[in-house]
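Here the working numbering runs 32 ahead of the position in the sequence shown, where the first position is 1. No residue lacks a Cβ here, since even glycine has one placed at the ideal position from N, Cα and C. Taking it in order: structure first as structure tokens, then the write-up.
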Amino acid sequence: MKYHKKDLISIKDLTKAQISKLFSTTKVLKKKPLAKYNSLKGKSLALVFQKPSNRTRVSFEVGMFQLGGKAIYLGPDELKLGVRESVKDIARVLGRYVDGIVARTFKHQNVVDMSKFSWLPVINGLSDLLHPCQGLSDLFTVEEKFGNKKVKISFVGDGNNVLHSLLLGCGILGRDICVATPKGCEPNGEILKEAKKYAEANKSVIEIVNDPKKCVDRADVIYTDVWVSMGQESEKQKRTELFKGFQVNEELVSCAKKGALIMHCLPAHRGEEIADNVLDSDNSIVYEQAENRLHVQKAILLMLLGG
Ligand code: CP
Ligand code: NVA
Numbered sequence: 033m034k035y036h037k038k039d040l041i042s043i044k045d046l047t048k049a050q051i052s053k054l055f056s057t058t059k060v061l062k063k064k065p066l067a068k069y070n071s072l073k074g075k076s077l078a079l080v081f082q083k084p085s086n087r088t089r090v091s092f093e094v095g096m097f098q099l100g101g102k103a104i105y106l107g108p109d110e111l112k113l114g115v116r117e118s119v120k121d122i123a124r125v126l127g128r129y130v131d132g133i134v135a136r137t138f139k140h141q142n143v144v145d146m147s148k149f150s151w152l153p154v155i156n157g158l159s160d161l162l163h164p165c166q167g168l169s170d171l172f173t174v175e176e177k178f179g180n181k182k183v184k185i186s187f188v189g190d191g192n193n194v195l196h197s198l199l200l201g202c203g204i205l206g207r208d209i210c211v212a213t214p215k216g217c218e219p220n221g222e223i224l225k226e227a228k229k230y231a232e233a234n235k236s237v238i239e240i241v242n243d244p245k246k247c248v249d250r251a252d253v254i255y256t257d258v259w260v261s262m263g264q265e266s267e268k269q270k271r272t273e274l275f276k277g278f279q280v281n282e283e284l285v286s287c288a289k290k291g292a293l294i295m296h297c298l299p300a301h302r303g304e305e306i307a308d309n310v311l312d313s314d315n316s317i318v319y320e321q322a323e324n325r326l327h328v329q330k331a332i333l334l335m336l337l338g339g
């Protein structure tokens with residue numbers, strides 16, 4: 033049976049108003065984790081993961097439990113996406129058992145196909161291109177700390193999945209962001225173009241530079257992500273060389289506003305993209321940011337699977 037369903041493949045699947053509503057629900061859930069217990073009673077969620085995970089897996093599993101539903105984790109060795117079985121067959125079969133799918137894949141096209149071949153809501157739990165649940169949690173965290181105040185977010189590091197979702201989210205919500213990457217590691221051109229279009233409509237600024245110090249000048253928030261993402265392990269030496277000078281350390285932080293907050297999607301490669309003492313500093317909000325994954329994703333689950 034086909035019916036109208038909603039996915040979260042990219043942050044741009046949500047309007048500014050929907051994100052605002054999502055954040056309101058998140059606030060309620062954060063205050064009272066069991067406020068919506070039984071809202072998803074009898075519903076189940078398949079977690080189809082091609083890559084390892086701590087935050088995404090645990091927060092979705094606990095989130096479903098706290099909403100009265102059940103999550104079923106299907107790790108890299110279980111389904112062998114596209115090897116043991118095609119994405120099409122996996123999507124169609126899961127549709128006979130569960131009520132929603134979270135997919136974590138290498139190729140972004142696999143998440144898109146999962147949605148195409150399934151009548152269930154599909155949530156992107158990270159692909160090589162995007163990480164919308166992370167981006168939404170990041171922007172919820174920024175809103176918690178600063179409200180609607182105009183702030184400058186500075187992202188120093190790799191123009192990859194986490195940054196792509198953050199850029200789209202900043203554009204849609206009208207947040208200013210400056211990005212510093214080494215030459216050749218800039219964000220995807222199409223995503224940047226789209227994010228800038230949203231930003232223009234929402235009166236915010238997106239700037240891309242190659243100088244980390246210039247990027248963090250007057251920053252309220254400094255954000256970084258690993259230099260070697262999942263699947264890029266064989267490029268470690270080359271990438272470590274490429275990102276020299278891009279570490280978020282005390283010297284770089286001293287170029288930002290006094291008291292600038294430190295964010296990282298985690299996992300962190302301590303001593304590479306971020307210095308230990310910065311990650312552990314009083315201004316680091318990385319664990320609150322990680323906690324917010326749970327609250328935001330519960331609101332996402334209610335939005336897509338509830339009702
Ligand atoms: N930030 C994040 O998605 O973490 P995991 O890879 O541990 O899920
Ligand atoms: N860019 C990182 C994010 C991990 C949450 C990766 O893809 O491995």
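- Measuring C-alpha to C-alpha distances from Leu77 to each of Ile155, Lys276, His196 identifies Ile155 as the nearest.
- In the assembly as shown, Gly303 is an exposed residue. Its beta-carbon has fewer than 16 other beta-carbons within 10 Å.
- DSSP places Ser261 in the coil class of the three-state scheme, outside both helix and strand.
- In the three-state DSSP reduction, Val211 falls in the strand class (E or B).
- Under the 10 Å beta carbon count, Asn70 is surrounded by fewer than 16 other beta carbons and is classified as exposed.
- Annotated three-state conformation of Thr256 is strand, per DSSP.
- Proximity of the beta carbon of Asn192 to ligand 2 is indicated: a heavy atom of the ligand is located closer than 7 Å.
- Beyond the five residues adjoining it in sequence on each side, Gly191 comes within less than 6 Å, by CB distance, of Thr213, Cys217, Glu218, Pro219 in the same chain, given in chain order.
- Nearest C-alpha to Trp259 among Val253, Lys246, Asp252, Gln279: Gln279.
- Here DSSP, grouped into helix, strand and coil, assigns Ala49 to helix.
- Taking the Cβ of Thr88 as the reference point, at least one heavy atom of ligand 1 falls within a distance shorter than 7 Å.
- Spatial neighbours of Ser147 in its own chain (CB-CB distance under 7 Å, excluding positions within 5 residues in sequence) are listed in chain order as Asp39, Ile41, Val154.
- Separation of Leu168 and Ala322 (C-alpha to C-alpha, rounded to the nearest whole angstrom) is 12 Å.
- Listed as beta-bridge partners of Ile133 by DSSP are Ala78, Val154.
- Apart from sequence neighbours up to five positions away, the residues of its chain that approach Ile104 with a beta-carbon distance below 8 Å are Ser76, Leu77, Ala78, Leu79, Val130, ordered along the chain.
- The Cβ atoms of Val248 and Ser186 sit closer than 8 Å to each other.
- When the alpha-carbon of Lys73 is set against those of Phe81, Lys268, Met96, Lys62, the nearest one is in Met96.
- Ligand 2 has no heavy atom closer than 7 Å to the beta-carbon of Ser169.
- In this model, His327 and Asp170 are separated by some 12 Å (Cα to Cα).
- Going by C-alpha positions, Lys102 is about 29 Å away from Gly263.
- Counted as a single uninterrupted DSSP element, the stretch harbouring Ala292 is not any beta strand (DSSP E), since DSSP gives it neither H nor E.
- Each of Trp151, Glu176, Ile204, Thr137 was checked against the Cα of Asp160, and the nearest Cα belongs to Thr137.
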